[in-house]
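A.B. asks: Quick mapping for you: the protein sequence lines, in order, are chains L and A.
Going by numbering that gives the first Met the number 0, the residue at position 421 of the first sequence is 420; the numbering climbs one at a time, nothing skipped.
Going by numbering that gives the first Met the number 0, the residue at position 367 of the second sequence is 366; the numbering climbs one at a time, nothing skipped.
2 protein chains.
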Amino acid sequence: MRQKHHPFDPLSPDEITKIANIVRELAPNDQEIFRVITLAEPPKKEMVEYLALEHTALIPLVKPGRIAKVHVYIAKEFHEMLVDVDNGHIISDKVLHGRHSHVDSAHMKRVETACLQDSRIQKEIQSLRLPEGATVIVEPWTYATDGMNDVNTRITMCWLYMRLSNNPDANYYAYPLDVVAEVSDSLDVTKIYRLPSGANEQMNNDKKQFDHNKIHTSSEYHPDLTHGRRTTTRPLHVSQPEGPSFKVDGNCITWEKWTMRVGFNYREGMTLHDIRYDGRSLFYRLSLSEMFVPYGDPRCPYPRKGAFDVGNDGAGVNANNLKVGCNCLGHIKHFDGWHVTSSGFPLKLPNVICCHEVDDGILWKHTNFRTGNAVVTRSRLLVLQTIITVSNYEYVFIFYFGQDASIHYEVRATGILSTAPIDIGDQVPWGTVVAPGVLAPYHQHLFCLRIDPALDGHKNSLMVEESQPMPFPHVSNPFGIGYTTTFEVIGGESGMDLDHQKNRVFKIINESRLNSTTGTPVGFKLLPCYSQMLLAHPSSYHSKRSEFGAHAVWVTRYSDDELYAAGTHTMQSLGGEGIASWIKKRQGNGKDRSVRNEDIVLWHTFGSTHNPRIEDWPVMPCEKMIVGLKPVNFFDGNPGLDVLISKQEKD
Amino acid sequence: MRQKHHPFDPLSPDEITKIANIVRELAPNDQEIFRVITLAEPPKKEMVEYLALEHTALIPLVKPGRIAKVHVYIAKEFHEMLVDVDNGHIISDKVLHGRHSHVDSAHMKRVETACLQDSRIQKEIQSLRLPEGATVIVEPWTYATDGMNDVNTRITMCWLYMRLSNNPDANYYAYPLDVVAEVSDSLDVTKIYRLPSGANEQMNNDKKQFDHNKIHTSSEYHPDLTHGRRTTTRPLHVSQPEGPSFKVDGNCITWEKWTMRVGFNYREGMTLHDIRYDGRSLFYRLSLSEMFVPYGDPRCPYPRKGAFDVGNDGAGVNANNLKVGCNCLGHIKHFDGWHVTSSGFPLKLPNVICCHEVDDGILWKHTNFRTGNAVVTRSRLLVLQTIITVSNYEYVFIFYFGQDASIHYEVRATGILSTAPIDIGDQVPWGTVVAPGVLAPYHQHLFCLRIDPALDGHKNSLMVEESQPMPFPHVSNPFGIGYTTTFEVIGGESGMDLDHQKNRVFKIINESRLNSTTGTPVGFKLLPCYSQMLLAHPSSYHSKRSEFGAHAVWVTRYSDDELYAAGTHTMQSLGGEGIASWIKKRQGNGKDRSVRNEDIVLWHTFGSTHNPRIEDWPVMPCEKMIVGLKPVNFFDGNPGLDVLISKQEKD
């Protein structure tokens, strides 16, 4: 089995089965123990050696071993194991007391059922006097730590909604009810209460009935429930008669001068590995490390709405099947993902990544005004896309590779706003009323892109450059128009902020490789997405749990076990386990680590402060956030200079 | 003639001819007097009445008169006239002493010839001992005021370059020579000197020879001069079998729910007028008001490199014919522009604007996780594109209209870097060495987008909103996670800065129209392009001449004569005529004007601090800058909700 897999390949179904069979023996009487069987990527030290040999076309002598990371519940205890795939040996088996696995959708279903079956909930629902034909929907949410109720066991918040139509695709977020329940790990309804309805209430203990004036017809999005679709958009077809420009061999993609390997896991979803351009190493790994969606409504229990959609929910297990609906045009190559069922069988996640090309307008153009001759090249992009659904919201995650050796990472937020009830006529300063009785509370989406560079090797540095006016008056700046760049190579692990007013640029450089023409270190610069950082107070649980939200750019020394900016176990985490804590801990114990000419990792936090507009309702047009990585004096010239000249195809 | 033109239509060739014939009579002995015959857009007061009637389907009773603005040189005096197109009456005729018309390419050609024919220049060139077969190219530049040489007459800076190949499309910017000349309006070479070659020199009076070690082969971009083009990019075709989704009637475009009128003039190039969505008025006029490209090299004479590519060069007269080369795909409608020859004949500028559609991925998507049903719509954009060539550089200017009622304005910078000589082995802190002996100096590109809103009418306001954490500790924010928005409606004309850390949002609102659901004023928000502002010292001529470069957002009260953020006449301007001066003057004389519930104009300054990378050489991959305008509680919900659901076309 070993020889056929590349070390970065996700575990195959056969490997998952093999591991499951081994681990299942530890719990012969329990069939439903599995949460995760995923590749534990090889230690970087081994991979660096392996890749060096692989890319010199020598047969690698030492292939890193295949190791599986396994999450299982045995006798209600949460185990994390490492298992050697090749020889079946259990390398380690840790019980993680007080920690929880990522969201268990089967458990969530049971929570819903338990909640609805609870007689007190039924009584509470009856007291609402809902319209005839209404169906109550329980929307279970993981519990965001707020300091009031932080026990070791899992708690699920059950937010209640109402579906008025018989159509199961009717938008129940249009009818948030003011009843909420908490359900324990053992499926007991432990608390039931009413939600606040006005700005000054903490909790609402009036047993109010549902206000029938809230019933409205403008909140549907499903085509079966809406009318008057526009018919003016005429078809636009993309065809690639000679096929795509990319080649796929297993998980390795070759396109134009790029090569890279696609990975996929239950948590981060799509990951990219060993990214090279024209044979030169650029990035060891690119991934969405974490994301956090805290809500800004201060009233209890809303501070419990703070979702780690990667760490808690899983960008992999929630990935859409991209063959359902038209998610892209042209020639498409889909990749499947593999997960595990609770019984230990391989679970196919079909078509979770798509690979295709798009035209992006002009790549470069010049007209010689003396001859009138125009030379135009068109820009083709390679697109690697994955889309996740986390309850109400959708996120589209896209890597774009350009012929000019640029990489862009785009996030599109779409789907349906999370809603809360509000009395008709009321307003609150932390939300927008998007329909009668429907409050869309303010919230933030904070993403952390993990960029593990390997620019011409693994010893890289981070340089912060600013453009500054030259002193004036000054003899060397007689007209007051001169400006130069100042730069600092960052010495130690730290978090930093953006400053567009100084044109602050973060460049990853290899100080041991100078560009032979410019005389400066080869590098790539980050084109950041300018965003507000986390608004929650530094002493709040939101802040403590999502430390990456405090700064836009972080640099750390590489560690095999530091992939997740908010820590490894985010479910009901108490904080203090994220990127700031890693750095602080090392500084505190005198192990402050240099990040100059070392194996470093860059982390970019970006996102949106999403104060909903009514135009985001009932389904939100994509909001785009874009991050770029561009070569700076890395190559010998425009990497896309050799792209074919485009002629007008017809007149 | 009058009835067939819409008041926003550019002057027709017939109208240009008519005006020329009238004006020509003023200078019967001079055949080459014309610089500009363009539409003087009707006073807004008249247009507001006209449009109100037009859109209520009543026949407009009073159609604003067609007025031409004319720039002519009569007896060497620069005249600006207004002429009534209908009755041929010359309404006004002003002589603009000490001012200059926009760049005259015929004059520039004469300058080139005069420079090359000058015996002292020839002697200087001989002293360079250029390689055999070299052709010296004179690149004339308008003179940016630096305080040293500010006379009333036109001065042209002549930068010398060398073309080594016989091919006229060889890249002569690869060989900047160190000779520079100044040529007077009357075509005399008034000064010849050498350029500095090191960081500390002000001017170089050594008569150095050309260093033959600078000869290299890596700076060509033209396909006839480059080899090894990649052949891996396979064809990608866009077809629209049922034609485009837009309709064009004259200059009026109807697409999806949008209507707008396209305008074009010699200066701003493409302009857009009377932009409406679903019948509701959004913007009266959108245009690129000005752009400024100051160079950061402090050494004399480089402070004279500061280009107003709109005000001096003209985004209209420099617009590319978009049928030459493949500038877009799919079904394309081209618009011609009309200008005037120096002799007064209509000059067609063919295909200067293209109108087409592109697919932009997903517009919105939601999967109901309970039913598994995915609903996806694709985003179609209407693209209005124009591309200009200003000597070495190209700019692509694109308006995108979305089905979600968003507008985006994209600028792509491409073309060839402006270069200066540098000794081999030297470095300077204000430029990048991109090839042997070739310095690409640091510079900025600052654009000013003029946004003339008409949200549900012409009385609008500007609101500045910020997202702020709620006080903590505080009884209403017990968990420290609450945040709200603060807002200020701007009272007076002013310039403001961006602040992403506060999520500062600039919203144009109509305070007299409340959204019936959200209860807040209808509005559109600016999605700014975060950019460094002008680096030149406030007391420098660069700053004084490009006042718009001091702040990212400006708001003014509408005036018919305030279209150009750096003033009407930018050629060798001395400053003090731009947007800050307008405001200051009104504040100084007590005529400080309210911009609340008034007819206001928003101006957004953005751009790039372009410290060249070698990857920008020899031709630069497009650098994108994007600005957006999005509805905020303007509509009743997602304006793209009714877009047809997309199905996968094939598996």
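Cβ atoms here follow ideal geometry from the backbone N, Cα and C, with glycine treated the same way.
Values in this document were obtained by computation on a predicted structure and should not be read as measured data.
#1: Please name the residue in L/623, L/485 and L/193 whose C-alpha comes closest to that of residue 609 of chain L.
#2: Taking the beta strand (DSSP E) that residue 158 of chain A falls in, what are its first and last residues?
#3: Please state the DSSP three-state secondary structure of residue 80 of chain A.
#4: Counting only Cβ-Cβ distances shorter than 9 Å, please list the residues of the region 28-39 of chain L near chain A, keeping chain order.
#5: Using a Cβ-Cβ cut-off of 8 Å (strictly less than) and excluding sequence neighbours within five positions of residue 536 of chain L, which residues of its own chain qualify?
#6: Give me the subset of the region 164-182 of chain L whose CB atoms are less than 8 Å from a CB atom of chain A, sorted by chain position.
#7: Under 6 Å Cβ to Cβ from residue 1 of chain L, same chain only, skipping five residues before and after it: list those, please.
#8: Should residue 165 of chain L be labelled buried (16 or more other beta-carbon atoms within 10 Å of its own) or exposed?
#9: How is residue 423 of chain L classed by DSSP in three states: helix, strand or coil?
#10: Going by beta carbon distance, what residues of the same chain come within less than 7 Å of residue 105 of chain A, once the five residues before and after it are set aside?
#11: For residue 88 of chain A, tell me which candidate among A/102, A/99, A/32 and A/69 has the shortest Cα-Cα distance.
#12: What in chain A is Cβ-close to residue 250 of chain L, meaning under 8 Å?
#13: Nearest-angstrom Cα distance between residue 59 of chain A and residue 284 of chain A?
#14: Could you give the distance in angstroms between the alpha-carbon of residue 375 of chain A and the alpha-carbon of residue 603 of chain L?
#15: Return yes when the C-beta of residue 284 of chain L is under 7 Å from any heavy atom of the ligand MG, and no when it is not.
#16: Using Cβ-Cβ distances below 7 Å, what residues of the region 422-446 of chain L are close to chain A?
#17: Taking residue 120 of chain L as the query, report the chain A residues whose CB atoms sit under 8 Å from its CB, ordered along the chain.
#18: Tell me the rounded alpha-carbon separation between residue 161 of chain A and residue 174 of chain A.
#19: Restricting to runs no shorter than 3 residues, where is the beta strand (DSSP E) found entirely within the region 329-360 of chain A?
#20: Less than 8 Å between the C-beta atoms of residue 418 of chain A and residue 172 of chain A, yes or no?
#21: Can you tell me whether residue 260 of chain A is buried or exposed? The criterion is at least 16 other CB atoms within 10 Å of its CB, across all chains shown.
#22: For a cutoff of 8 Å on Cβ pairs, would you count residue 459 of chain A as touching chain L?
#23: State the start and end residues of the unbroken beta strand (DSSP E) segment that holds residue 461 of chain A.
#24: By Cβ distance, which residues of its chain are closer than 8 Å to residue 388 of chain L, with the 5 residues on each side in sequence left out?
#25: Buried or exposed: residue 272 of chain A, going by 16 or more other Cβ atoms within 10 Å of its Cβ?
#26: Which partner residues does residue 483 of chain L have in the DSSP bridge list?
#27: Give a yes or no on whether 8 Å exceeds the smallest Cβ distance from residue 375 of chain L to chain A.
#28: To which residues of the same chain is residue 649 of chain L closer than 7 Å at the C-beta, ignoring the five residues directly before and after it?
#29: Going by DSSP, which residues form a beta bridge with residue 491 of chain A?
#30: Are the beta-carbon atoms of residue 642 of chain L and residue 362 of chain L separated by less than 8 Å?
#31: Tell me which same chain residues have a C-beta within less than 6 Å of the C-beta of residue 327 of chain A, skipping the five on either side of it?
#32: Return yes when the Cβ of residue 196 of chain L is within less than 8 Å of the Cβ of residue 425 of chain L, no when it is not.
#33: What is the rounded straight-line gap between the Cα of residue 638 of chain L and the Cα of residue 248 of chain L?
#34: So, is the C-beta of residue 660 of chain A closer than 8 Å to a C-beta in chain L?
#35: Would the region 226-241 of chain A and the region 274-290 of chain A be scored as touching if the rule is three or more Cβ pairs under 8 Å?
#36: When the cut-off is 8 Å and only beta carbons count, does residue 0 of chain L lie next to chain A?
C.D. replies: So, from the data block:
#1: Here the closest residue by C-alpha is L/623.
#2: For residue 158 of chain A, the uninterrupted beta strand (DSSP E) run begins and ends at 154-162, by DSSP.
#3: Secondary structure at residue 80 of chain A: strand, using DSSP grouped into helix, strand and coil.
#4: Taking 9 Å as the Cβ-Cβ cut-off against chain A, none of the residues of the region 28-39 of chain L qualify.
#5: Only 542 meet the Cβ criterion.
#6: Residues passing the 8 Å Cβ filter: 167 and 168.
#7: Confidence is the limiting factor: at residue 1 of chain L the pLDDT is only 44, short of 50, which leaves the residue's position unreliable and the question unanswerable from this model.
#8: So residue 165 of chain L counts as exposed.
#9: Three-state DSSP puts residue 423 of chain L in coil, outside helix and strand.
#10: Counting only Cβ-Cβ distances below 7 Å, and skipping sequence neighbours, we find 341.
#11: When only C-alpha atoms are compared, the closest one is A/69.
#12: Neighbours of residue 250 of chain L in chain A, taken as residues at a C-beta separation under 8 Å, are lacking, since the least C-beta distance is about 20 Å.
#13: Distance between the alpha carbons of residue 59 of chain A and residue 284 of chain A is about 20 Å.
#14: Using only the alpha carbons, I get a separation of about 29 Å.
#15: No copy of the ligand MG appears in this structure; indeed no ligand is present at all.
#16: Per Cβ criterion, the list reads 426, 428, 429, 431, 432, 433, 434 and 441.
#17: Neighbours of residue 120 of chain L on chain A: none; closest Cβ ~19 Å, over 8 Å.
#18: Going from the Cα of residue 161 of chain A to the Cα of residue 174 of chain A covers about 5 Å.
#19: DSSP runs (the beta strand (DSSP E)) wholly in the region 329-360 of chain A: 332-339.
#20: The answer is yes: Cβ separation under 8 Å.
#21: So residue 260 of chain A ends up on the buried side.
#22: With its beta carbon at least 8 Å from every one in chain L, residue 459 of chain A lies outside the interface.
#23: Its beta strand (DSSP E) spans residues 460-468.
#24: Counting only Cβ-Cβ distances below 8 Å, and skipping sequence neighbours, we find 317, 319 and 414.
#25: The residue is buried, with at least 16 neighbouring Cβ atoms inside 10 Å.
#26: According to DSSP, which records beta bridges pairwise, residue 483 of chain L is partnered with L/467.
#27: Residue contact with chain A for residue 375 of chain L: present (Cβ-Cβ distance below 8 Å to some residue of chain A).
#28: Reliability of the predicted coordinates at residue 649 of chain L is poor, the pLDDT of 42 falling under 50, and no value is obtained from them.
#29: Within the DSSP bridge table, the entry for residue 491 of chain A names A/593 as partners.
#30: Yes, the Cβ-Cβ distance between residue 642 of chain L and residue 362 of chain L is below 8 Å.
#31: So the qualifying residues of the chain are 353 and 355.
#32: The beta carbons of residue 425 of chain L and residue 196 of chain L sit closer together than 8 Å.
#33: Their Cα atoms are separated by approximately 24 Å.
#34: Since the first residue of chain A shown is 0 and the last is 650, residue 660 of chain A is not available in this structure.
#35: At 8 Å Cβ cutoff, the stretches do not touch.
#36: For residue 0 of chain L, the predicted structure reports a pLDDT of 41, less than 50, and the residue's modelled location is therefore unreliable. A value from the coordinates is still provided. For residue 0 of chain L, the answer is no, since every Cβ of chain A falls outside 8 Å of its Cβ.
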